[in-house]
Amino acid sequence: MTYIGNNWHPQNGYASMLAQAATSAITNLSADRTEWDKRLADYLRLQALSRAWEEYGAPAKLREASDRIELDLEFKFGRNWRKDAPPKALAEWETAIDRVVREEEQTTERFYRPLWKAQVALANTPAPDLAAALFKVEMIERDEVWNDRDLSGDAFEIVAQDMARLAGEAA
């Protein structure tokens, strides 16, 4: 996992999860996918929105601006710029950092809380087929849904119930 901004991201991104989601949509066509598909679409939509916002929305632009100020201060005043820079220059950097922090707080409310809710809703939804169950396992691990206190139960037990139910349907 890689730490970007204020969040951990899987090193290979979410590409493999998207392929699993697509595979899930074409397996076991007799399964009732209504609830799963709705929750999966919510999750994928919110995941894409939050990633786009984080990567090239306001948070990225504000972080880039604060990084430029920091690099400029280091260039002008050396490695110990926090000690050696004049108060006016430090105030400019602190203002930029404050903007980043405020934006991250707003980003959490606007994007991440709805995403976390969608993750839990999807994890709590019975997987209609094996491909969906495999996607769920991947999502629970990558997004660390297993430690969300709003999960309906133990993450392993949720997955084990899906697998047992699907094994019974296959028999």
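UniProt numbering applies: residue 1 is where the sequence shown begins, and numbers increase by one.
C-beta: ideal position from N, C-alpha, C; glycine also.
Using the C-alpha atoms, what's the distance from residue j back to residue i?
| i | j | result |
| --- | --- | --- |
| GLU157 | PRO114 | 24 Å |
| LEU73 | ALA89 | 8 Å |
| ALA96 | GLU64 | 10 Å |
| MET163 | ALA155 | 13 Å |
| TRP93 | THR34 | 50 Å |
| GLY153 | GLU70 | 45 Å |
| PHE135 | ASN147 | 17 Å |
| GLN106 | ARG39 | 24 Å |
Just to confirm before moving on: does the CB-CB distance between residue i and residue j stay below 7 Å?
| i | j | result |
| --- | --- | --- |
| ALA31 | PRO126 | no |
| ALA167 | TRP36 | no |
| ALA123 | ILE140 | yes |
| LEU62 | VAL100 | yes |
Assuming residue i is part of the alpha helix (DSSP H), what are its boundary residues?
| i | result |
| --- | --- |
| ALA58 | 58 to 77 |
| TRP81 | 81 to 84 |
| VAL101 | 87 to 107 |
| PRO126 | Premise fails: PRO126 is in no alpha helix (DSSP H) and is neither H nor E. |
At least 3 beta-carbon pairs within less than 8 Å: the stretch 45 to 57 vs the stretch 84 to 93: Contact fails: fewer than three Cβ-Cβ distances are below 8 Å.
Contact the stretch 72 to 80 vs the stretch 112 to 127: 3+ CB pairs below 8 Å: The stretch 72 to 80, when compared against the stretch 112 to 127, does not touch it at the 8 Å Cβ threshold.
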